[in-house]
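Report on the following structure.
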Amino acid sequence: NAGVTQTPKFQVLKTGQSMTLQCAQDMNHEYMSWYRQDPGMGLRLIHYSVGAGITDQGEVPNGYNVSRSTTEDFPLRLLSAAPSQTSVYFCASWTDSGNTIYFGEGSWLTVV
Amino acid sequence: AQTVTQSQPEMSVQEAETVTLSCTYDTSESNYYLFWYKQPPSRQMILVIRQEAYKQQNATENRFSVNFQKAAKSFSLKISDSQLGDTAMYFCAFMKGTYKYIFGTGTRLKVLA
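Chains A and B, in that order, give the protein sequences. Here our numbering is used: the first residue of the first sequence is 308, the next is one more, and so on. Here our numbering is used: the first residue of the second sequence is 5, the next is one more, and so on.
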């Protein structure tokens, strides 16, 4: 079982560039989310999804888009990268039986 | 809105000793879940322990146990016989319903040899 897989693991972007962080899970989990982790601020929810075709905003959604066309995939798009988006990004998934959240290994993004 | 507060940004403990990490949360709900996650330097998020709010008994996993005080909205983590491998960032998390987890800001724990 691969669990939650995130790609790329490291990325450097220039200000204004766009990119997509990929996230895939093979556990047939209904729920998926994206968090960003910044020093002293813990994990903050960017967007989440309760199932294929359904997404909603979290605490810090500005500058990010998501879609959920399949149960397995939940990509996060940065529309026009800004230095404030330099962070570590975590994708996570879970199901409503057990309520334990599973994380990917993180994606380190630097915007210069 | 639900919030989770970890008031200890950093802590240290001698190897083999016991340490307690604090977490308080705020909610008006009666049924919810609480978690402690460990994040070692590799940055991987690892579940340490979970507690269902409707259960009176405190959860225990080997050297890790919690002190869950529902009325006080407190959920502390006790690590017994601390090991060097316990050095990590620890996050307290709250979950109500099935679609939103709320995390605290973390406590960085260093175990000293």
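We treat Cβ as the ideally placed atom computed from N, Cα and C, and that holds for glycine. Quantities reported herein were computed from a predicted structural model and do not represent experimental measurements.
Nearest Cα to I53 of chain B within the set A:F317, A:E412, A:T407: A:T407. Remark: C-beta atoms of T28 of chain B and K77 of chain B approach each other more closely than 8 Å. For the pair K82 of chain B and T24 of chain B, the Cα-to-Cα distance works out to about 4 Å. Secondary structure at Q392 of chain A: helix, using DSSP grouped into helix, strand and coil. Taking a contact as a CB-CB distance under 8 Å, the pair R112 of chain B and P13 of chain B counts as one, their CB atoms being some 7 Å apart.
In this chain, A75 of chain B is not harboured by any beta strand (DSSP E), its DSSP state being neither H nor E. Each of A:W341, A:P346, A:G349 was checked against the Cα of T327 of chain A, and the nearest Cα belongs to A:W341. In the structure shown, L88 of chain B falls within a helical segment according to DSSP collapsed to helix, strand and coil. The beta carbons of S394 of chain A and V373 of chain A sit no closer together than 8 Å. Sequence-distant Cβ neighbours of F107 of chain B in its own chain, meaning closer than 7 Å and more than five residues away, are V8, F95, A97. For E14 of chain B, the enclosing beta strand (DSSP E) stretches over residues 14 to 18. The Cβ neighbour count for L416 of chain A, taken over all protein chains shown within 10 Å, is at least 16; the residue is labelled buried. DSSP places Q313 of chain A within a strand segment (E or B) once states are collapsed to three.
A:G323 is the residue among A:M334, A:G323, A:P346 whose C-alpha sits nearest the C-alpha of Y371 of chain A.
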